[in-house]
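First up is the structure itself, then whatever we jot down about it.
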Amino acid sequence: MATQEERSAASLAKLMAAARSLFRAHGYAETSVDDITRAAELTKGAFYHHFTDKKAIFHAVYEEGEDQLLADIMAACGHGDPFSMLKGGCLAFLDLMMDAGTQRLLLREGPSVLGWDVWREVCARHSLGLITAGIRGAIKAGQIRPRPMEPLAATIYGALTEAARYLAQLDDPAAGLASVRAEIEGMLDALRTQPEQAPAA
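Residues in the sequence shown are numbered consecutively from 194, following the numbering used here.
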């Protein structure tokens, strides 16, 4: 027989799965606590045992989404020199944001529902933090000239998120992905230090 702790964990998992699916498909405003409990086949009492309100479960789902995005980006980066991994991570971000549910949850709903300060703090621990770490590694390796990292990371992250939003509003986002990837690659390649040319013989 399952313990109370196990039953509580199981109900939490059901609520999270239901909320994740509904928020990704319909958005925050169009999803109610009733919708979530109905989809999870649980009572409102079970919901309020775990969460104070709808915003609280959205926050939990958002954090979970950022965790998954970070894991997927890191898996896509593979291994290599710091600059190549930075660029690979940025391009992986674009690819992953082609999923409409991911974009709705992380780019469109997150800032408006959580508020700028909370959203920014979560980003700093996830995608933005990964970009900052990538820049730090590339600077240490001599692949990007020394410069303040936070402004550069914010600029790169802003370009990536706006590029993802641009793709989302196209009639055929997949057709536009190659050109956007090329622009991001060009922007990042411009940051890379060029090795000194060997003297002419």
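Heads up, the beta-carbon is just placed ideally off N, CA and C, and yes, glycines get one too.
By how many angstroms is the C-alpha of residue j removed from the C-alpha of residue i?
| i | j | result |
| --- | --- | --- |
| E198 | E234 | 19 Å |
| I332 | E257 | 30 Å |
| F216 | E314 | 21 Å |
| P392 | E302 | Annotation note: pLDDT 40 at P392 (below 50); position unreliable, coordinate value reported separately. Their Cα atoms are separated by approximately 55 Å. |
| I377 | A371 | 10 Å |
| P341 | H219 | 40 Å |
| E343 | D260 | 21 Å |
| V396 | P339 | The chain is shown from 194 up to 394; residue 396 falls before or after that span and cannot be answered. |
| V373 | A249 | 35 Å |
Strictly by DSSP, which residues pair up with residue i?
| i | result |
| --- | --- |
| I337 | R385 |
Counting only the same chain and skipping the five closest in sequence on each side, list residues whose C-beta sits under 6 Å from that of residue i.
| i | result |
| --- | --- |
| I349 | I324 |
| C270 | M278, G281, G282 |
| P304 | W312 |
Beta carbon of residue i, beta carbon of residue j: below 9 Å?
| i | j | result |
| --- | --- | --- |
| G282 | G351 | no |
| L360 | G369 | yes |
| L263 | L353 | no |
| L299 | M290 | yes |
| A293 | I266 | no |
| Q296 | A210 | no |
| G330 | L279 | yes |
| A253 | F244 | yes |
| T224 | A212 | yes |
| A222 | F276 | no |
| L384 | L321 | no |
For residue i, I'd like the list of residues in its chain whose CB is within less than 7 Å of its CB, leaving aside the five on either flank, ordered along the chain.
| i | result |
| --- | --- |
| F240 | L208, V226, I229, T230 |
| T386 | G335, Q336, I337, R338 |
Assuming residue i is part of the alpha helix (DSSP H), what are its boundary residues?
| i | result |
| --- | --- |
| Q296 | 293-296 |
| S214 | 197-219 |
| A285 | 275-289 |
| H252 | 247-270 |
| L360 | 342-361 |
| G238 | 237-243 |
Excluding the 5 residues flanking residue i on each side, which residues of the same chain have their C-beta closer than 8 Å to its C-beta?
| i | result |
| --- | --- |
| A203 | A195 |
| V311 | H252 |
| S214 | A232 |
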